[in-house]
Amino acid sequence: MGTTKTQIFNKAQNELATIFKVLSNPARIAIIQYISQQQTCICNDIVEEIGLAQPTISQHLKELKSIGLLKGEIEGKTVCYCIDLKKWDEIQSQLNSFFNTTQANCC
Numbered sequence: 001m002g003t004t005k006t007q008i009f010n011k012a013q014n015e016l017a018t019i020f021k022v023l024s025n026p027a028r029i030a031i032i033q034y035i036s037q038q039q040t041c042i043c044n045d046i047v048e049e050i051g052l053a054q055p056t057i058s059q060h061l062k063e064l065k066s067i068g069l070l071k072g073e074i075e076g077k078t079v080c081y082c083i084d085l086k087k088w089d090e091i092q093s094q095l096n097s098f099f100n101t102t103q104a105n106c107c
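Structure (structure tokens):
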């Protein structure tokens with residue numbers, strides 16, 4: 001069997017591609033913006049704010065958690081989400097590094 005596409009790229013390139021993939025959905029951007037303005041957030045609050053179905057919101061939350069951007073605490077039957085500030089800073093650093101070191105040498 002041949003090499004998978006991710007194996008021909010370095011770790012930093014694969015991590016950055018994963019971050020861009022997760023952040024490429026406007027619903028996820030809206031969720032991040034909403035959560036960042038709250039102390040904590042319950043999934044149903046997000047459903048009401050964003051206007052998507054609860055299973056759809058849950059899938060988006062799962063994707064954001066997959067890159068470590070969100071952390072959640074179980075409170076009874078609900079999960080409260082907040083931004084993981086350490087991971088937020090790490091992602092910001094990765095994006096800044098990418099944009100600061102990638103040159104635009106086009107016509």
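Counting in full-length UniProt numbering, the sequence shown runs from 1 upward without gaps.
Glycine is no exception: its CB is placed at the ideal position from the N, C-alpha and C atoms.
Remember, predicted model here, so these are calculated numbers, not experimental data.
Is it the case that the Cβ atoms of residue i and residue j are separated by a distance below 9 Å?
| i | j | result |
| --- | --- | --- |
| Leu95 | Ile19 | yes |
| Cys80 | Ile42 | yes |
| Gln39 | Cys82 | yes |
Excluding the 5 residues flanking residue i on each side, which residues of the same chain have their C-beta closer than 6 Å to its C-beta?
| i | result |
| --- | --- |
| Lys87 | Gly68 and Leu69 |
| Glu15 | none |
| residue 125 | An answer regarding residue 125 cannot be provided, because it is not within the stretch 1 to 107 covered by the chain. |
| Glu73 | Cys80 |
Which residues does DSSP list as the beta-bridge partners of residue i?
| i | result |
| --- | --- |
| Glu73 | Cys80 |
| Ile42 | Cys80 |
Excluding sequence positions up to five away, which residues of its chain have a Cβ less than 7 Å from the Cβ of residue i?
| i | result |
| --- | --- |
| Ile46 | Ile31, Tyr34 and Ile57 |
| Leu52 | Ala27 |
| Glu63 | Val22 and Arg28 |
Can you tell which of the options has the C-alpha that lies nearest to the C-alpha of residue i?
| i | options | result |
| --- | --- | --- |
| Thr102 | Ile8, Gln13, Gln7 and Glu90 | Gln13 |
| Leu61 | Gln92, Phe9, Lys11 and Asn44 | Asn44 |
| Asn25 | Glu75, Gln59, Phe98 and Glu73 | Gln59 |
Below 8 Å on the Cβ atoms is my guess for residue i versus residue j; work out the distance and round it to an integer in Å.
| i | j | result |
| --- | --- | --- |
| Lys71 | Asp89 | Not confirmed; about 14 Å, so no contact. |
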